[in-house]
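Following: one structure in C-alpha cells, then a few remarks.
Residue numbers (the working numbering): 16 to 216.
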C-alpha cells in the first residue's frame, strides 16, 4: 500500500524544487533599479553577425538598447526583437539614433552566420554579437544579466543539442558614453517601449 504513494510524493517534491530554483533564478535576473548606485554596462569586445570584431567604443556616440538572448530561443527572444523592431519604426527618425544589440548567451551554437540569419528577420539596425563563453560571461556580468544552459538526458549520455537557456530577458537602455538609463521588460508593448525610449532620449 505504501509503495503506491512513493512516486506521486516524489513527483511533488521534484516539482516544488524546480519551481523554487526557477523563482530564485528570476530574482537573481532582476538588474539594479535605475536609481541604484551599482554600475551597469561596461567595456566589451565581441564579434558581430558579419564576423567583424567590434567594441563598446564603436557605439559610444549612440544610445544602446541591449538584450541578452539566443537564436534557438522559442519565444521570448523573437518576441522581444519584434517589439524592438516595431518600437523603432514608431519612433521614426528618433529611432535611428538608437543602436539595438542582441548579445548571444549561447556562443556554442550562435556563430556569426547563425546570428546573421536571425537578425535579418528584424529591424535592419539590430546588431547580433557573440564571442567566447568567457567574453559573454564578462559582458553579462557587467549588465547583471544571468543565464544558464538547461541540459536534459540521463547521466553519462551526450547532452541534447536542442537544449534551452534560462536567461535574463530585460532590455537595457544606455546613453551615449555608457551611462545606464533604464530597463524594460521583454513583454512590454511596442507603444510602451517607444514611449519609454523617447522619454530618455
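Quick reminder that beta carbons are idealized off the backbone N, C-alpha and C, glycines included.
Short CB-CB distance (under 8 angstroms) between residue i and chain D
i: residue 126; result: No chain D appears in the structure shown, which is made up of a single protein chain.
Inter-residue Cα distance where the pair is residue i and residue j
i: residue 73; j: residue 187; result: 18 angstroms
i: residue 150; j: residue 58; result: 11 angstroms
i: residue 126; j: residue 84; result: 13 angstroms
i: residue 129; j: residue 61; result: 15 angstroms
i: residue 158; j: residue 109; result: 25 angstroms
i: residue 208; j: residue 88; result: 21 angstroms
i: residue 81; j: residue 67; result: 18 angstroms
i: residue 196; j: residue 156; result: 17 angstroms
i: residue 145; j: residue 100; result: 20 angstroms
i: residue 64; j: residue 124; result: 13 angstroms
i: residue 152; j: residue 94; result: 23 angstroms
i: residue 202; j: residue 90; result: 11 angstroms
i: residue 131; j: residue 198; result: 25 angstroms
DSSP state of residue i mapped onto helix, strand, coil
i: residue 211; result: helix
i: residue 193; result: coil
i: residue 216; result: coil
i: residue 110; result: helix
i: residue 154; result: helix
i: residue 105; result: helix
i: residue 205; result: helix
i: residue 126; result: coil
i: residue 74; result: helix
i: residue 99; result: helix
i: residue 115; result: strand
i: residue 165; result: strand
i: residue 94; result: helix
i: residue 200; result: coil
Beta-bridge pairing of residue i - partner residues as DSSP gives them
i: residue 131; result: According to DSSP, residue 131 bridges with nothing at all.
i: residue 69; result: 61
i: residue 145; result: 62
i: residue 182; result: 162
Close Cβ partners of residue i (< 8 angstroms) along its chain, the five nearest in sequence each way excluded
i: residue 204; result: 98
i: residue 112; result: 77, 78 and 216
i: residue 17; result: Its pLDDT being 44, under 50, residue 17 is placed unreliably by the model, and the measurement read from it follows with that caveat. There are no such residues.
Same chain only: Cβ atoms within 7 angstroms of residue i, ignoring 5 sequence neighbours per side
i: residue 96; result: 117, 137 and 141
i: residue 147; result: 122
i: residue 200; result: 185
i: residue 106; result: 209, 212 and 213
i: residue 92; result: 84 and 85
Whole-Å CB distance - residue i paired with residue j, under 8 angstroms assumed
i: residue 76; j: residue 191; result: 5 angstroms
i: residue 86; j: residue 119; result: 7 angstroms
i: residue 180; j: residue 164; result: 6 angstroms
i: residue 154; j: residue 143; result: About 13 angstroms separates the two Cβ atoms, so there is no contact after all.
Contact set for residue i: own chain, Cβ-Cβ below 6 angstroms, skip 5 residues either direction
i: residue 193; result: 56
i: residue 114; result: 74, 77 and 79
i: residue 103; result: 110 and 138
i: residue 50; result: In this prediction, residue 50 has a pLDDT of 48, which is less than 50 and means its spatial position is unreliable; nothing more can be read from the coordinates.
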